[in-house]
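My numbering numbers the first residue of the sequence shown as 25 and each following residue consecutively.
Virtual Cβ for every residue (Gly too), placed ideally from N, Cα, C.
Treat the numbers as computed from the prediction; the structure is a model and nothing was measured.
Accompanying notes for the structure given below.
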Amino acid sequence: MNNSSIRLDGKKILITGVSRPLGIGATLAKRFAEAGAAVAVHGYSTYDLTAGEHNSATPNGTEILVKQYQDMGLNVTLVTPSDFEKHGTAVKAVEEAAEKLNGLDGLILNHCYGTTVEIDQWTEEDIDSHLSVNVRAAMMMIQSFANLVDITKDNAITTFSSGQYKHIDTSLMAYSVSKDAVICLTRGTAQLLGDKNIRVNCIDPGPNDTGYCFGEVYETVAKSFSSGHWGTPDDAADLALFLHSSYAKWITGQVVASHGGSKYEF
């Protein structure tokens with residue numbers, strides 16, 4: 025059941041990784057707007073289409089979602105889609121969001137880049153893509169956000185990692201390394217930005233049913249949960265809403281797992 029008791033009226037939040045209707049980002053945008061926040065969203069549908077494993081990927085996915093949410097009466101604003109692998113794009117996204125919302129007090133870094141590559145197929149280009157999107161872009165966006173917030177307000181940043189810090193999938197080494205770096209970034213910036221009244225926490229959403237896993241593997245993972253079913257984007261959104269609310273005012277520098285105790289990590 026969606027947690028409708030948490031209100032974020034007056035909050036201004038940028039959410040990245042919003043491009044697929046079945047994705048965590050799309051659910052975050054909808055739920056935060058329903059809770060009263062003004063939400064700016066950034067996505068890059070081109071990546072979803074080339075990744076080849078997301079059954080809800082569509083061209084112009086971010087634009088379509090924004091139009092749907094606006095038609096529902098939700099306060100959701102489009103940030104120009106761009107590739108965070110390119111220098112300068114991440115900072116531009118923060119600046120555009122702040123301009124369109126007249127400020128920001130929340131940042132949710134949900135975007136990611138990930139490929140499956142065995143050790144004998146590692147390339148510098150693939151490693152660079154993971155680090156550029158998952159780490160460099162996050163670092164620059166946090167820096168930009170910290171430079172523009174009102175330090176008299178309660179500000180919050182939420183990053184997204186994965187369960188790779190608990191159990192490494194060796195076919196996802198570049199992804200695993202980059203997601204471990206996100207945890208380091210979370211803990212470090214929580215210390216650095218406390219005097220600016222910015223809390224920084226990380227969500228590990230665990231196996232999440234976002235339309236990328238099918239068949240026998242899907243059923244096997246489902247059985248790993250005591251509940252017998254996968255986690256959902258709404259589960260991640262419940263936690264994110266809490267972390268951006270006043271209820272979490274004394275929580276910072278933490279990695280919070282929301283994966284129902286599954287032994288599988290993604």
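- Rounded distance between the beta-carbons of G67 and G105, thought under 8 Å: For the record, residue 105 in the displayed sequence is Pro; it is not Gly. The Cβ separation is near 6 Å, so the contact holds.
Item checked: Cβ-based neighbour list, D22, same chain, cut-off 8 Å, excluding 5 preceding and 5 following -> A question about residue 22 goes unanswered here, because the residues of the chain that appear run from 25 up to 290.
C-alpha distance - M25 paired with D144, whole-angstrom precision
Unreliable placement is indicated for M25, whose pLDDT of 42 sits below 50; the coordinate value is still reported in the next sentence. Each residue's Cα considered, the two are about 45 Å apart.
Item to check | First and last residue of the uninterrupted alpha helix (DSSP H) at I166 | outcome: A161 to L172
Less than 6 Å between C-beta atoms, sequence neighbours within five positions excluded: which residues of the same chain meet that for P45? S80
From L209, S168, E87 and L52, pick the residue whose C-alpha is nearest to that of V115; which is it? Residue S168 is the option with its Cα nearest to V115.
Reference T70, options I222, V224 and S43, closest by Cα
S43
Among residues of its own chain, excluding the 5 on either side of A57, which ones have a beta-carbon nearer than 8 Å to its beta-carbon?
V63, Y93, L98, N99 and V100
Q.
So, at 8 Å on beta carbons, what are the nonlocal neighbours of L209 in its own chain, with the 5 sequence-adjacent residues on each side left out?
A. V159, A162, M163, I166 and T183
Considering only the alpha carbon of each residue, which of F249, N221 and L217 lies closest to N232?
F249
Quiz item: What number of angstroms, rounded off, separates the C-alpha of G284 from the C-alpha of D259?
Solution: For G284 and D259, the distance between alpha carbons rounds to 9 Å.
On a CA-only basis, which of T86, V279 and D72 is nearest K190? Give me that one, please. V279
Neighbour-count burial assignment, W274, 16 or more Cβ in a 10 Å radius
exposed
key: Buried versus exposed call for D95 [16 or more other C-beta atoms within 10 Å across all chains shown]   = exposed
* Beta-carbon separation (whole angstroms), I216 vs I181, contact threshold 8 Å -> Going by the sequence as given, residue 216 is Leu instead of Ile. Rounded, the Cβ-Cβ distance is 11 Å, inconsistent with contact.
**Item:** Whole-number beta carbon distance between F266 and I30, since they are thought to touch under 8 Å
**Value:** 6 Å
Original post:
By a C-beta neighbour count over all protein chains shown, 10 Å radius and 16 as the cutoff for buried, is K36 buried or exposed?
Top reply: With 16 or more other CB atoms across the displayed protein chains lying within 10 angstroms of its CB, K36 is buried.
Q. Bridge partners of F184, per DSSP?
A. I227
query: To the nearest whole angstrom, what separates the beta carbons of G60 and L102, a pair I think is in contact under 8 Å?
result: With 8 Å as the limit, G60 and L102 do not qualify as a contact, their Cβ atoms being about 19 Å apart.
Within 10 angstroms of its Cβ, does G41 collect 16 or more other Cβ (buried), or is it exposed? buried
Straight-line CA distance for D262 to D152?
33 Å
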